[in-house]
Structures are given as structure tokens and as C-alpha cells.
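So that you can map any letter, position 176 of the sequence shown is 177 in our numbering, and since no number is skipped, the others follow by simple counting. Below is one structure; the comments refer to it alone.
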Amino acid sequence: MTKLRLATFSSLAALLLWASVGVAAEDITVDFTYERNVNFGTIVPTLKLPAFADERGLDDPNLITADYRAQNPLAEIMRDAFIQGFSKGGVEFVENGEDMQIVGTLISSELESMDRSGVPSLRLTIRTRIELIGGGRTIWENTLFGRGTVAEEEGIAAAVNASLERTVRELLRDDYFLIEVQ
Numbered sequence: 002m003t004k005l006r007l008a009t010f011s012s013l014a015a016l017l018l019w020a021s022v023g024v025a026a027e028d029i030t031v032d033f034t035y036e037r038n039v040n041f042g043t044i045v046p047t048l049k050l051p052a053f054a055d056e057r058g059l060d061d062p063n064l065i066t067a068d069y070r071a072q073n074p075l076a077e078i079m080r081d082a083f084i085q086g087f088s089k090g091g092v093e094f095v096e097n098g099e100d101m102q103i104v105g106t107l108i109s110s111e112l113e114s115m116d117r118s119g120v121p122s123l124r125l126t127i128r129t130r131i132e133l134i135g136g137g138r139t140i141w142e143n144t145l146f147g148r149g150t151v152a153e154e155e156g157i158a159a160a161v162n163a164s165l166e167r168t169v170r171e172l173l174r175d176d177y178f179l180i181e182v183q
């Protein structure tokens with residue numbers, strides 16, 4: 002009877018170990034660089050870009066989706082992408098004494114497989130809420146949808162980069178946002 006219990010326990014332990022390995026997220030490295038040209042004209046107020054919040058409700062902030070895990074929290078990667086975009090336009094953020102804050106909140110990240118004209122593709126959609134706050138009130142607010150679609154063979158890191166690029170570009174081309182910061 003003891004051998005049967007030991008065999009059953011060993012089988013259950015092996016099954017649990019196998020199951021936990023099957024659900025582990027794949028680690029990827031996101032190496033994003035914002036390459037587009039940016040022209041803000043003259044930005045008069047001093048701006049602060051605090052750490053982004055992550056409202057996705059995940060235990061691991063590094064998860065891009067359930068199957069993929071980045072080297073840093075996704076909210077931090079998103080914030081860094083915005084810093085790069087603004088830097089391309091000559092904007093430097095301050096830590097203290099700001100006139101306005103750009104507050105970011107990561108809302109969701111969803112990956113889907115799709116077929117684009119016979120090409121297996123990945124589409125990553127990252128939703129980010131951005132608020133421009135000045136004088137203790139919200140001056141401008143929008144939810145940005147960064148959809149990055151790449152051929153499946155390019156991989157998830159390329160989909161993340163495409164999503165980040167589109168999100169940053171969407172903000173930097175928003176006329177109403179630009180009016181408020183100029």
C-alpha cells in the first residue's frame with residue numbers, strides 16, 4: 002500500500018511539474034528605439050513624465066501577454082518609448098518644478114494570431130491612457146491604441162516594437178495634445 006501511495010504521489014508531482022513548465026511565459030528582450038522625426042515647434046511648459054501605472058491586473062508586470070515576458074515591466078518599457086519620442090523633438094523632462102505632467106496608465110495588452118493576405122501574422126494591441134495634468138486638473142486625456150502587426154516569423158519582440166512605435170506616434174501627432182503643450 003505504501004508503494005502505491007509513493008507511486009501516486011510521484012506521478013502527481015511529475016504531472017504538476019510538467020503542467021507548470023507548460024504555462025511558463027517565454028522570456029523576450031524588447032529593444033525599442035523611436036526612429037521617426039518629431040517637430041514640436043516650441044514647447045513652453047516644463048514637463049514631467051512620472052512612472053506609468055499598470056492596471057492590467059497581472060501578478061507579473063513584465064508580462065506582455067500570458068505567453069511572453071519582457072526583461073522589464075511593460076509599463077516601464079512604454080514610458081521609455083515616450084521619453085524617446087519626446088527626446089527626438091528636443092523635449093527634456095524634469096523631476097521637480099514642472100508646469101505639467103504627462104501621466105500614463107497601461108490598460109491592456111492583447112495578442113492575436115491572424116492571416117494577412119496568406120501571411121501568418123501577430124497583432125499586439127497595447128492600450129494606454131494618457132493624461133496631461135496642469136494646475137491640479139486634467140487638461141487633456143485620451144486612450145491610445147498601439148496596434149503592432151508583424152509577420153509571425155518576425156516574432157513577438159517585433160510586434161511589441163511596432164505597437165510601441167504606433168502608440169508614441171499617435172500621441173505625438175495629436176493636434177489637441179500638441180496645442181495644450183505649446
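Every residue, glycine too, gets a C-beta built ideally from N, C-alpha and C.
- Taking C-beta separations shorter than 8 Å and ignoring five residues to either side along the sequence, the partners of Gln-183 in its chain run Phe-41, Gly-42, Thr-43, Ile-44, Val-45, following chain order.
- Under the DSSP definition of a beta bridge, Thr-150 partners with Arg-124.
- Taking each of Gly-136, Thr-144, Val-161, Leu-133 in turn and checking the Cα distance to Arg-124, the smallest one comes out for Val-161.
- Residue range 101-117 is occupied by the beta strand (DSSP E) that includes Val-104, with no alpha helix (DSSP H) assigned at that position.
- A direct Cα-to-Cα measurement between Ser-88 and Phe-178 gives close to 16 Å.
- Looking at the DSSP output, Glu-132 shares a beta bridge with Val-104, Glu-142.
- In this structure, Ile-157 and Tyr-35 do not form a Cβ contact; the two beta carbons are roughly 19 Å apart against a cut-off of 8 Å.
- Per DSSP, Leu-173 is one residue of the alpha helix (DSSP H) stretching across 157-173.
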